[in-house]
Amino acid sequence: MEMNNLVVLPIFVPLLTAVILMFISKKINIQRWISVGASLVTVMIAGLLVHHVSTDGIQTLDIGSWPAPFGITLVSDMLSSLLVLTTSIIGFAVILYSIYSIGEGREKHFYYPIVQFLIVGVNGAFTTGDIFNLFVFFEVMLMASYVLLVLGGTKIQLRETIKYLTVNVISSSLFVIAVAYLYSIVGTLNMAHISQRIGLLEEIPGILTVIAILFLIVFGLKGAIFPLYFWLPGSYYAPPVPVMTLLGALLTKVGIYSIARTYSLFFYHDQSYTHDLLLVLAVVTVLIGVVGSIAYWDIKKIIIYNIITAIGVILYGISVATTTSMTGSVYYLIHDMIIKAALFLLIGIIVNITGTSNLKKFHGLINDYPVLAWVYFIAAISLAGIPPFSGFVGKWLVIQGGMERGELIGSVIILLTSLLVLYSVMKIFIYGFWGGKDQDYPDQHSISYNKLLIPAILLTVIAVLYGFGSEFVYSYVAQAVDTLMNPEIYIEAVLKE
Amino acid sequence: MELLMAILIGFLFASATYLLLSKSILRMIIGTGLLSHGAHLLILTMGGLKKGAVPIVNGDGTPVTDPLPQALILTAIVISFGVTALFLVLAYRGYQELGTDNMDELRGTDGNE
Numbered sequence: 011m012e013m014n015n016l017v018v019l020p021i022f023v024p025l026l027t028a029v030i031l032m033f034i035s036k037k038i039n040i041q042r043w044i045s046v047g048a049s050l051v052t053v054m055i056a057g058l059l060v061h062h063v064s065t066d067g068i069q070t071l072d073i074g075s076w077p078a079p080f081g082i083t084l085v086s087d088m089l090s091s092l093l094v095l096t097t098s099i100i101g102f103a104v105i106l107y108s109i110y111s112i113g114e115g116r117e118k119h120f121y122y123p124i125v126q127f128l129i130v131g132v133n134g135a136f137t138t139g140d141i142f143n144l145f146v147f148f149e150v151m152l153m154a155s156y157v158l159l160v161l162g163g164t165k166i167q168l169r170e171t172i173k174y175l176t177v178n179v180i181s182s183s184l185f186v187i188a189v190a191y192l193y194s195i196v197g198t199l200n201m202a203h204i205s206q207r208i209g210l211l212e213e214i215p216g217i218l219t220v221i222a223i224l225f226l227i228v229f230g231l232k233g234a235i236f237p238l239y240f241w242l243p244g245s246y247y248a249p250p251v252p253v254m255t256l257l258g259a260l261l262t263k264v265g266i267y268s269i270a271r272t273y274s275l276f277f278y279h280d281q282s283y284t285h286d287l288l289l290v291l292a293v294v295t296v297l298i299g300v301v302g303s304i305a306y307w308d309i310k311k312i313i314i315y316n317i318i319t320a321i322g323v324i325l326y327g328i329s330v331a332t333t334t335s336m337t338g339s340v341y342y343l344i345h346d347m348i349i350k351a352a353l354f355l356l357i358g359i360i361v362n363i364t365g366t367s368n369l370k371k372f373h374g375l376i377n378d379y380p381v382l383a384w385v386y387f388i389a390a391i392s393l394a395g396i397p398p399f400s401g402f403v404g405k406w407l408v409i410q411g412g413m414e415r416g417e418l419i420g421s422v423i424i425l426l427t428s429l430l431v432l433y434s435v436m437k438i439f440i441y442g443f444w445g446g447k448d449q450d451y452p453d454q455h456s457i458s459y460n461k462l463l464i465p466a467i468l469l470t471v472i473a474v475l476y477g478f479g480s481e482f483v484y485s486y487v488a489q490a491v492d493t494l495m496n497p498e499i500y501i502e503a504v505l506k507e
Numbered sequence: 372m373e374l375l376m377a378i379l380i381g382f383l384f385a386s387a388t389y390l391l392l393s394k395s396i397l398r399m400i401i402g403t404g405l406l407s408h409g410a411h412l413l414i415l416t417m418g419g420l421k422k423g424a425v426p427i428v429n430g431d432g433t434p435v436t437d438p439l440p441q442a443l444i445l446t447a448i449v450i451s452f453g454v455t456a457l458f459l460v461l462a463y464r465g466y467q468e469l470g471t472d473n474m475d476e477l478r479g480t481d482g483n484e
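Protein sequence lines correspond, in order, to chains A and B. In this text, residue positions in the first sequence follow my numbering: the first is 11, and each later residue adds one. In this text, residue positions in the second sequence follow my numbering: the first is 372, and each later residue adds one.
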């Protein structure tokens with residue numbers, strides 16, 4: 011495997027853009043153009059990276075040419091390059107949406123640079139091959155998310171940011187503690203090297219299982235699994251819609267990715283304990299999510315609780331840990347990132363039109379906004395996993411994997427909760443879009459409805475193509491799962507034995 | 372020596388947990404400070420506290436202490452420093468806008484319909 015600077019570009023391009031944008035914070039138009047241009051470049055680079063990984067195998071880059079376990083190594087296997095591509099696409103769509111909705115006040119106060127920093131953090135966390143560097147990229151991402159959450163300084167934002175920040179400061183400290191424990195056992199920080207050293211241990215010490223659970227707590231707090239999801243509904247409710255989209259689609263998924271990575275690379279020895287615990291937590295997470303999403307009449311809250319449901323489904327596939335279920339999880343992870351972003355953007359348009367997010371206060375939107383209605387309808391049935399739309403294949407494989415391993419109860423629960431997910435999003439469609447037209451919605455915010463719709467349609471179209479083209483996507487997903495199921499491929503690529 | 376440090380770190384964590392569970396935001400911030408102190412000391416301890424020279428290149432080849440945990444701590448310190456600064460400003464702004472330092476009064480029920 012030769013050196014490849016392409017690996018660092020999805021981190022470097024947004025970083026450079028963010029730095030440049032900080033110097034021209036008052037020139038809004040130039041900022042917009044540079045942001046859109048740079049995020050388009052990032053998408054293209056990420057696409058190129060996926061292509062390279064699919065043809066030439068795992069791409070690695072030893073920063074500063076220090077050989078693998080001693081320096082920081084960036085590793086792009088298929089899973090991380092696919093996630094980087096998905097992140098870049100969502101970043102592009104959200105920036106496009108922000109131009110027409112975020113407002114000049116925020117734009118003048120470093121909104122675009124911070125979005126770029128958030129993408130730096132997420133892309134970096136997906137790409138890094140070093141456990142401490144993962145912590146640092148987590149912090150880059152979180153720091154950007156704190157600022158995005160509070161930017162604007164309304165009362166609800168201040169209140170919820172205080173809570174969000176407290177939770178994440180604690181989980182970051184726990185991350186440092188977990189890394190310290192792991193370092194004292196294996197004496198290295200490179201993820202491939204850690205995996206190799208754990209593999210060489212003659213007897214797996216019990217402390218390794220303790221560290222596995224500590225990592226689960228850390229990433230579970232980031233990824234909002236039961237019982238560590240409590241901060242999410244309040245925090246994600248506070249910021250404006252584009253920010254909510256970025257947080258909802260990207261941040262929790264980094265936690266899930268980290269669990270998938272560490273549990274497949276480090277902690278696969280005591281699966282009867284660690285993976286069974288994960289399985290139970292995943293099923294309860296799904297239940298909590300659907301209960302929340304059917305309980306509320308606030309459209310933002312409904313979609314927010316659907317994030318938690320999806321996290322449970324993805325984790326279920328990871329905890330079953332067969333090739334089938336892992337394939338399902340990877341499929342579902344990418345699907346969920348795209349479709350959640352699309353749904354949040356559509357919800358944002360509804361709130362912009364009606365001026366409220368309370369489902370009981372508006373109806374009959376389909377009369378005036380038919381395109382919005384049908385795009386929302388397609389996004390909603392994609393989310394619920396109606397074949398042949400994008401949510402189907404992933405969930406199908408996750409359930410099939412569970413059944414094959416004899417986890418009947420969990421699989422049946424996930425199957426049945428799909429109906430409740432469908433109900434929760436259809437509730438918005440039925441109550442919000444159907445009905446007579448006895449309300450007029452003046453364009454109160456003088457927003458450009460068509461321009462806001464473009465990024466939402468873009469994401470929905472990608473989600474639909476992802477569903478219809480699942481045969482085409484399969485070869486990529488299979489390659490990602492191959493690395494997850496066989497850590498030696500990863501180790502070999504990094505340590506170049 | 373490691374045992375002594377472990378007890379000290381445990382005490383720091385206990386104090387931090389106690390402070391984080393209190394109602395005042397300022398006490399919570401002090402708690403996060405203690406928590407990061409504990410975490411940083413833990414990295415140092417877990418890296419090993421065996422005697423050795425300072426990790427600067429020395430001509431006579433005496434063994435040095437493990438330099439890696441020190442680099443990790445330095446990174447973790449500046450990160451928690453940045454986050455703490457943001458948290459303090461946030462608490463200040465929160466006090467200005469919301470007029471309270473009490474977490475009980477920051478309950479939110481938006482959207483719970």
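Glycine residues also receive a C-beta, built at the ideal position from the N, C-alpha and C atoms.
- Boundaries of the beta strand (DSSP E) around Ser86/A: Thr83 to Ser86.
- The beta carbon of Val449/B sits no closer than 7 Å to any beta carbon of chain A.
- Take Arg415/A, set aside five residues on each side of it, and the residues of its chain with a beta-carbon closer than 8 Å to its own are Val330, Thr332 and Ser335, in chain order.
- For Thr65/A, the secondary structure class from DSSP, reduced to helix, strand or coil, is helix.
- Contact annotation: Gly244/A and Gly479/B have beta-carbon atoms nearer than 7 Å.
- Counted as a single uninterrupted DSSP element, the stretch harbouring Asp472/B is not any alpha helix (DSSP H), since DSSP gives it neither H nor E.
- When only Cα atoms are considered, Leu50/A and Ser98/A end up about 8 Å apart.
- Nearest C-alpha to Ile317/A among Ile214/A, Ile423/A and Val431/A: Val431/A.
- Rounded to whole angstroms, the separation of the alpha carbons of Pro398/A and Ser182/A is 40 Å.
- The C-beta of Ile235/A has 16 or more other C-beta atoms within 10 Å across all chains shown, which makes the residue buried.
- When 7 Å is used as the limit between beta carbons, Arg398/B is near no residue of chain A, the shortest such separation being about 12 Å.
- Interface annotation, Phe482/A: not in contact with chain B, CB-CB separation never under 7 Å.
- Pairing Ala248/A with Asp66/A, the inter-Cα distance amounts to about 44 Å.
- Assigned with DSSP and collapsed to three states, Ala424/B falls in strand.
- Per DSSP, Asp346/A is one residue of the alpha helix (DSSP H) stretching across Thr333 to Thr364.
- Under the 7 Å criterion on CB atoms, Thr403/B is classed as interfacial with respect to chain A.
- Within 8 Å of the CB of Phe452/B, no CB atom of chain A is found; the nearest one sits about 11 Å away.
- Asp140/A carries a strand assignment under DSSP once its states are collapsed to helix, strand and coil.
- For Met32/A, the uninterrupted alpha helix (DSSP H) segment begins and ends at Leu19 to Phe33.
- Only those residues of the segment 160–183 of chain A whose C-beta falls short of 8 Å from the nearest C-beta of chain B are listed: Val160, Gly163, Lys165, Ile166, Leu168, Arg169, Glu170, Thr171, Ile172, Lys173, Leu175, Thr176, Val179, Ile180, Ser182 and Ser183.
- Looking only at Leu477/B, Gln467/B and Met372/B, the smallest Cα-Cα distance to Met417/B is reached by Met372/B.
- For Val177/A, the CB contacts under 6 Å within the same chain, skipping 5 residues up- and downstream, are Trp241 in chain order.
- For Ile414/B, the neighbours in chain A by C-beta distance under 8 Å run, in chain order, Val186, Val189, Ala190 and Tyr193.
- Partner residues in a beta bridge of Leu289/A, as assigned by DSSP, do not exist.
- Between Leu369/A and Ile309/A, the C-beta spacing is below 7 Å.
- Scanning its chain for C-beta atoms nearer than 6 Å, with the 5 sequence neighbours on each side dropped, one finds around Ile100/A the residues Ala259 and Ala351, in chain order.
- Beta-bridge partners assigned by DSSP to Leu71/A: Leu84/A.
- The Cβ of Ser386/B sits no closer than 7 Å to any Cβ of chain A.
- DSSP, reduced to helix, strand and coil, places Ser458/A outside both helices and strands of the structure shown, so it counts as coil.
- Straight across, the Cα-Cα distance linking Val487/A with Tyr193/A is about 32 Å.
- The beta carbon of Met436/A lies closer than 7 Å to those of Ala390 in the same chain, with the five residues before and after it left out.
- Interface annotation for the segment 128–144 of chain A against chain B: Phe142, criterion Cβ-Cβ distance under 7 Å.
- A straight-line Cα-Cα distance of about 53 Å links Gly419/B and Ser392/A.
- For the pair Met88/A and Val104/A, the CB atoms are not nearer than the 7 Å cut-off.
- About 20 Å separates the beta carbon of Ser400/A from that of Gly412/A, a gap too long to meet the 8 Å contact definition.
- Between Ala377/B and chain A, the shortest Cβ-Cβ separation is not below 7 Å.
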